[in-house]
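Number of protein chains: 2
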Amino acid sequence: MPHRLNERRIAETALGLVDAEGVDGLSMRKLAAALDVSPMSLYTYYPDREAVLEALTQLVLAEVDVPDEDLDWRETIRQIMRSIRRVGLRHPHVAPLINRFPPRTPDALAFVEAGFRAFRRAGFDDVSTARCYRALAVYSMGTFDVELSGYFDQHPGGHAGTDSLAAPSMERHLPNLARIGPALAGQDDGAEFEYGLELLLTGFAAAMGAGGSR
Amino acid sequence: MPHRLNERRIAETALGLVDAEGVDGLSMRKLAAALDVSPMSLYTYYPDREAVLEALTQLVLAEVDVPDEDLDWRETIRQIMRSIRRVGLRHPHVAPLINRFPPRTPDALAFVEAGFRAFRRAGFDDVSTARCYRALAVYSMGTFDVELSGYFDQHPGGHAGTDSLAAPSMERHLPNLARIGPALAGQDDGAEFEYGLELLLTGFAAAMGAGGSR
DNA sequence: ACCTGAACACCGTTCAAGT
DNA sequence: ACCTGAACACCGTTCAAGT
Chain A
37 MPHRLNERRI AETALGLVDA EGVDGLSMRK LAAALDVSPM SLYTYYPDRE
87 AVLEALTQLV LAEVDVPDED LDWRETIRQI MRSIRRVGLR HPHVAPLINR
137 FPPRTPDALA FVEAGFRAFR RAGFDDVSTA RCYRALAVYS MGTFDVELSG
187 YFDQHPGGHA GTDSLAAPSM ERHLPNLARI GPALAGQDDG AEFEYGLELL
237 LTGFAAAMGA GGSR
Chain B
37 MPHRLNERRI AETALGLVDA EGVDGLSMRK LAAALDVSPM SLYTYYPDRE
87 AVLEALTQLV LAEVDVPDED LDWRETIRQI MRSIRRVGLR HPHVAPLINR
137 FPPRTPDALA FVEAGFRAFR RAGFDDVSTA RCYRALAVYS MGTFDVELSG
187 YFDQHPGGHA GTDSLAAPSM ERHLPNLARI GPALAGQDDG AEFEYGLELL
237 LTGFAAAMGA GGSR
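Chains A and B, in that order, give the protein sequences. Just so you know, we're using the working numbering here: the first sequence kicks off at 37 and counts up by one. Just so you know, we're using the working numbering here: the second sequence kicks off at 37 and counts up by one.
Laid out in structure tokens, this is it:
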């Protein structure tokens with residue numbers, strides 16, 4: 037009765053390691069050590085390290101909340117998108133993996149199905165729904181990219197470049213960048229997320245009204 | 037007169053390796069071999085592998101075209117965004133790096149400055165310009181994520197899952213996903229990109245008219 | 001300063017073998 | 001089937017040394 041290894045326990049332990057030390061901090065050897073087994077025993081359950089990363093991503097995607105069924109389609113999408121963002125903020129090191137591995141397990145697909153249901157209830161046809169889903173996927177992934185890796189923190193003109201030696205030369209050659217930098221650095225992540233989200237929802241609604249499906 | 041090593045030549049050779057073999061295919065040892073020097077000589081020019089990846093990304097960002105100055109602001113943004121997408125398609129293995137490393141060199145920042153100029157000419161204030169720029173950054177990065185890694189090709193309900201053994205059970209438990217899958221698989225990347233882009237531009241224009249800056 | 005070879009501390013995964 | 005230890009073919013980077 038030694039170790040009771042199984043797919044789920046391996047994925048959960050791997051998720052803990054990635055949350056704690058980042059994706060690069062997850063090695064098959066460290067994972068095995070954390071489970072108190074030999075490295076090669078993991079290969080009974082997963083063909084390679086990539087499969088472990090995919091599996092741990094499914095666990096995280098399953099954390100996305102499914103809204104109540106009686107909501108307006110806009111509010112349903114808002115709640116799903118906000119929950120996705122919260123999950124990303126809770127697992128910042130997993131966010132890049134979410135952008136690589138689509139949901140696959142039934143638990144991970146629950147929020148996708150819920151979103152599709154909302155569009156259908158609202159009268160969107162399948163092609164329009166696919167189009168909206170794609171736009172929302174693009175938006176959540178892009179949000180992870182800019183928000184969770186401090187993209188604008190390192191962006192010249194933002195906080196980083198302001199008081200560097202290069203600043204005078206930047207004002208000369210890139211005056212607009214220099215002027216807009218502070219506005220970029222002062223952005224509120226949550227507010228910008230809501231702004232873009234409403235912009236998408238408004239666009240979807242307009243396409244609907246113009247004859248998207250009826 | 038041996039090797040004439042320098043920052044740029046290293047970055048260009050590294051870009052060639054990444055284009056050919058992917059990010060994982062770039063090792064300091066292989067890069068050194070391609071330049072016919074010892075691995076450690078690279079560390080005279082770059083502190084570590086990460087810095088080499090950042091440098092090669094700057095080279096790629098510098099490939100983005102800067103539109104003519106006499107264009108409408110919408111058309112300026114369209115042309116910049118399309119050029120970014122083309123650059124990503126030309127260097128698919130570099131796209132994930134573009135999502136991690138902001139433009140830093142003057143050449144890489146040229147298109148950013150051009151975009152800021154266009155917004156300014158159109159009367160956007162700095163805060164609105166920063167907001168639009170962020171939304172466009174989110175959009176281009178999300179586009180790279182979904183388009184260049186075949187996100188929807190592996191997505192259940194799309195091409196992959198259709199004729200698998202799990203299909204019947206999926207139709208039972210995730211009926212909307214099953215129905216919308218084909219529409220997702222049939223999407224035209226270019227058309228969807230244009231759709232989302234117009235949606236953003238329309239939203240920006242509406243915010244302007246409603247008193248964004250005047 | 002620029003470049004080197006040797007070494008250190010790791011990797012993922014294959015293999016042959018055990019139960 | 002499940003798990004093991006040893007080995008292979010790599011890594012990035014430190015170090016001490018050369019010019």
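Beta carbons are placed, not taken as given, at the ideal position from N, Cα and C, and that holds for glycine.
Partners in chain A for residue i, counting only beta-carbon separations shorter than 8 Å
{"i": "Ile216 (chain B)", "result": "Phe152, Asp162, Thr165, Ala166 and Tyr169"}
{"i": "Leu220 (chain B)", "result": "Ala166, Tyr169 and Arg170"}
{"i": "Leu133 (chain B)", "result": "Per Cβ cutoff of 8 Å: no residues; Leu133 (chain B) is ~11 Å from chain A at best."}
{"i": "Arg156 (chain B)", "result": "Asn212"}
{"i": "Gln223 (chain B)", "result": "Ala166, Arg167 and Arg170"}
{"i": "Leu237 (chain B)", "result": "Within 8 Å Cβ-Cβ: nothing; Leu237 (chain B) doesn't reach chain A, min ~10 Å."}
{"i": "Ala228 (chain B)", "result": "Note that residue 228 (chain B) is Glu in the sequence shown here, rather than Ala. Simply Arg167, Arg170 and Ala171."}
{"i": "Leu145 (chain B)", "result": "Pro192, Leu210 and Leu213"}
For residue i, the first and last residue of its enclosing alpha helix (DSSP H)
{"i": "Met117 (chain A)", "result": "Trp109 to Arg126"}
{"i": "Thr80 (chain B)", "result": "Element bounds for Thr80 (chain B): n/a, residue is neither H nor E."}
{"i": "Asn212 (chain B)", "result": "Pro211 to Ala221"}
{"i": "Asp55 (chain A)", "result": "Glu43 to Glu57"}
{"i": "Gly245 (chain A)", "result": "Element bounds for Gly245 (chain A): n/a, residue is neither H nor E."}
{"i": "Thr93 (chain A)", "result": "Arg85 to Leu97"}
{"i": "Glu149 (chain B)", "result": "Pro142 to Arg157"}
{"i": "Pro138 (chain A)", "result": "Counting along the chain, Pro138 (chain A) falls outside any alpha helix (DSSP H), and DSSP gives it neither H nor E."}
{"i": "Arg65 (chain B)", "result": "Met64 to Leu71"}
Integer-rounded CB distance, given that residue j should sit under 8 Å from residue i
{"i": "Ala98 (chain B)", "j": "Ala56 (chain B)", "result": "At roughly 20 Å, the Cβ-Cβ gap does not stay under 8 Å, so Ala98 (chain B) and Ala56 (chain B) are not in contact."}
{"i": "Val54 (chain B)", "j": "Leu41 (chain B)", "result": "With a Cβ gap of about 19 Å, Val54 (chain B) and Leu41 (chain B) do not count as contacting."}
{"i": "Val123 (chain B)", "j": "Val100 (chain B)", "result": "6 Å"}
{"i": "Ala154 (chain B)", "j": "Ile113 (chain B)", "result": "6 Å"}
{"i": "Leu133 (chain A)", "j": "Leu89 (chain A)", "result": "6 Å"}
{"i": "Gly239 (chain A)", "j": "Leu235 (chain B)", "result": "4 Å"}
{"i": "Leu67 (chain A)", "j": "Leu92 (chain A)", "result": "10 Å between Cβ atoms; not a contact."}
{"i": "Ile120 (chain A)", "j": "Gly151 (chain A)", "result": "With a Cβ gap of about 10 Å, Ile120 (chain A) and Gly151 (chain A) do not count as contacting."}
{"i": "Tyr79 (chain B)", "j": "Glu43 (chain B)", "result": "The Cβ separation is near 12 Å, so there is no contact."}
{"i": "Met177 (chain B)", "j": "Val73 (chain A)", "result": "Not a contact, Cβ separation roughly 38 Å."}
{"i": "Pro138 (chain A)", "j": "Gln190 (chain B)", "result": "6 Å"}
{"i": "Pro75 (chain A)", "j": "Arg65 (chain A)", "result": "5 Å"}
{"i": "Leu184 (chain B)", "j": "Ala227 (chain B)", "result": "Actually they do not touch by this definition, with Cβ atoms about 16 Å apart."}
{"i": "Gly58 (chain B)", "j": "His127 (chain B)", "result": "The Cβ separation is near 11 Å, so there is no contact."}
{"i": "Ala166 (chain A)", "j": "Leu220 (chain B)", "result": "5 Å"}
{"i": "Glu149 (chain B)", "j": "Leu213 (chain A)", "result": "5 Å"}
Residues that residue i contacts on chain B, provided the C-beta gap is smaller than 8 Å
{"i": "Tyr231 (chain A)", "result": "Arg167 and Ala171"}
{"i": "Pro103 (chain A)", "result": "Going along chain B, no residue has its Cβ under 8 Å from Pro103 (chain A), so there is no contact; the nearest lies around 15 Å."}
Partner residues on chain A for residue i, Cβ-Cβ distance less than 9 Å
{"i": "Pro128 (chain B)", "result": "None at all; the shortest Cβ gap to chain A is about 13 Å."}
{"i": "Thr112 (chain B)", "result": "Simply none; closest approach about 13 Å."}
{"i": "Thr257 (chain B)", "result": "Because residue 257 (chain B) is not part of the residues shown, which for chain B are 37 to 250, the question remains open."}
{"i": "Glu207 (chain B)", "result": "In chain order: nothing, as chain A lies at least about 12 Å away."}
Interface residues of chain B facing residue i [CB-CB closer than 7 Å]
{"i": "Val182 (chain A)", "result": "Arg170, Ala173, Val174 and Met177"}
{"i": "Arg140 (chain A)", "result": "Pro192"}
{"i": "Gly159 (chain A)", "result": "Those do not exist, as Gly159 (chain A) stays about 14 Å from chain B at its closest Cβ, beyond 7 Å."}
Listed by chain order, chain B residues near residue i by CB distance under 9 Å
{"i": "Ser185 (chain A)", "result": "Asn135 and Arg136"}
Amino acids of chain A, ordered along the chain, whose beta-carbon sits closer than 7 Å to that of residue i
{"i": "Val148 (chain B)", "result": "Leu213"}
Problem - Where the region 68-84 of chain A meets chain B: residues whose CB sits under 7 Å from a CB there - result: none
Practice task
Mind checking the region 85-101 of chain A against chain B and listing, in chain order, the residues whose C-beta falls within less than 8 Å of any C-beta there?
Solution key: none
Problem - Whole runs of the alpha helix (DSSP H) within the region 160-188 of chain A, excluding any shorter than 4 residues - result: 162-183
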